[in-house]
């Protein structure tokens, strides 16, 4: 059975628990390594976050609409306060940089990054479209959020927010152990083949990354931070999620075209290797499958699997474990269909 949407601590209490555990872990980590996380003197985001929580708690019984808005707004702000400084801490940890391995993979599959950048540079219209699509990540998130919220499609909104957060969490965790500066730094293209690109294309994060990695930067101001993660590509993950989130709606085809452009744009305007994109797609698929299991989309949830494994409710104690699971799932699906 599909897991029922809870408007109390929307999209799900487990997500809030994970977020606060991350906050505590990040604070301890920063204290241990003597890394300072600054707020920048602007506390507006905290006032809005607190107001959202207040709205959620006040209206969670009287108005699911208002409660959902309050909790979702607060969680989105909390995500930005936790995941971005966590990525800065990860780079400052100084695990070995993997750009050489990513370039090796590009060569292995026959992808010529420099030729791709030169092609984009030589086609101003293509360059403009890709640049705009790359910048659309936040705008698309807000638009899809508002569509599902205003239409009160709470199941789809829950899926969208939870997948977005866990993609960010998984990506940040992976990036701690696989830091990469990006293809622009590795290939160092000649000025002639990037003459029509914005000066910061694919390099907007390098100043902070290098300063963190060489130890000269020991603090981060959240309001002035930027995205540091190259592997896996979060823009690619967001693009796949946006296409998935708009499935079976009138928004699908426009979002399909826009986000295919965004995936392509990451190579140039995000300075990504091809391997970054492939890894991003794999993370999104993994998170989508995990969410489906948690939500009961496949006719079972994690508790049902545990019952099949440790309880003798199937009458198949003598069968191999694989056969037990298959038989249990068949029974479960038949009873759900009935």
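In our numbering, the protein residues as written are 199 to 536.
We treat Cβ as the ideally placed atom computed from N, Cα and C, and that holds for glycine.
Residue i, enclosing beta strand (DSSP E) - first and last residue
i, result
"residue 216", "Note, residue 216: premise wrong, no beta strand (DSSP E); alpha helix (DSSP H) at 211–230."
Identified DSSP bridge partners for residue i
i, result
"residue 236", "419"
Anticipated Cβ contact below 8 Å, residue i with residue j, distance rounded
i, j, result
"residue 203", "residue 369", "Not really, about 26 Å apart at Cβ, beyond 8 Å."
"residue 431", "residue 470", "5 Å"
"residue 347", "residue 355", "6 Å"
Length of the line joining the Cα atoms of residue i and residue j
i, j, result
"residue 344", "residue 276", "18 Å"
"residue 493", "residue 218", "22 Å"
"residue 223", "residue 331", "35 Å"
"residue 212", "residue 294", "33 Å"
"residue 268", "residue 339", "17 Å"
"residue 375", "residue 456", "31 Å"
"residue 230", "residue 411", "17 Å"
"residue 501", "residue 487", "Its pLDDT being 42, under 50, residue 501 is placed unreliably in this model, and the value from its coordinates should be taken loosely. Whole-angstrom Cα-Cα distance: 16 Å."
"residue 380", "residue 302", "13 Å"
"residue 514", "residue 441", "The predicted position of residue 514 is uncertain, since its pLDDT is 42 and thus under 50; a value taken from the coordinates is nonetheless stated next. If you take the alpha carbons of residue 514 and residue 441, they lie about 42 Å apart."
"residue 209", "residue 216", "12 Å"
"residue 382", "residue 400", "6 Å"
"residue 364", "residue 274", "12 Å"
"residue 416", "residue 286", "9 Å"
Span of the alpha helix (DSSP H) around residue i
i, result
"residue 314", "311–320"
"residue 355", "352–375"
"residue 485", "472–493"
"residue 466", "450–467"
"residue 247", "242–257"
"residue 288", "262–290"
"residue 340", "335–348"
"residue 206", "Run containing residue 206: none; DSSP gives neither H nor E here."
"residue 426", "Counting along the chain, residue 426 falls outside any alpha helix (DSSP H), and DSSP gives it neither H nor E."
"residue 409", "404–411"
"residue 382", "381–385"
Environment of residue i [buried if 16+ CB atoms lie within 10 Å]
i, result
"residue 323", "exposed"
"residue 350", "exposed"
"residue 311", "buried"
"residue 445", "exposed"
"residue 319", "buried"
"residue 250", "buried"
"residue 304", "buried"
"residue 421", "exposed"
"residue 388", "exposed"
"residue 307", "exposed"
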